[in-house]
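These notes are about the structure you will find just below.
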Amino acid sequence: MSITATELKNNLSKYLLLSATEDVYITKNGKVISKLTNPYQERVAIAKSLFGAIGGEVTEEQAREERLKNI
């Protein structure tokens, strides 16, 4: 999505929420000057690609506990 800097200033909270799911390009005088993006977007994409890859013997709660142990 591409928006003007003025639009961003007027509706910042809307575009902060939107940037969690897609990149928002900010333009000024018709040129892209910045990109608002989710810093964890790559992690989300990787996690979505793995959905269903874990066998049925592991519950979501067990996977979450195992992840916390590794932090």
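This note's numbering puts the sequence shown at residues 213 to 283.
Ideal Cβ placement from N, Cα and C applies to all residues, glycine included.
State the beta-bridge partners of residue i as determined by DSSP.
{"i": "K240", "result": "K243"}
{"i": "L189", "result": "Residue 189 lies beyond the residue range present for the chain, which begins at 213 and ends at 283; the question has no answer from this structure."}
{"i": "I215", "result": "I238"}
Mark residue i as exposed unless 16 or more other C-beta atoms lie within 10 angstroms of its C-beta, in which case mark it buried.
{"i": "V244", "result": "exposed"}
{"i": "V236", "result": "buried"}
Quick check on the DSSP output: the alpha helix (DSSP H) that includes residue i runs from which residue to which?
{"i": "S261", "result": "Q253 to L262"}
{"i": "S225", "result": "L224 to L230"}
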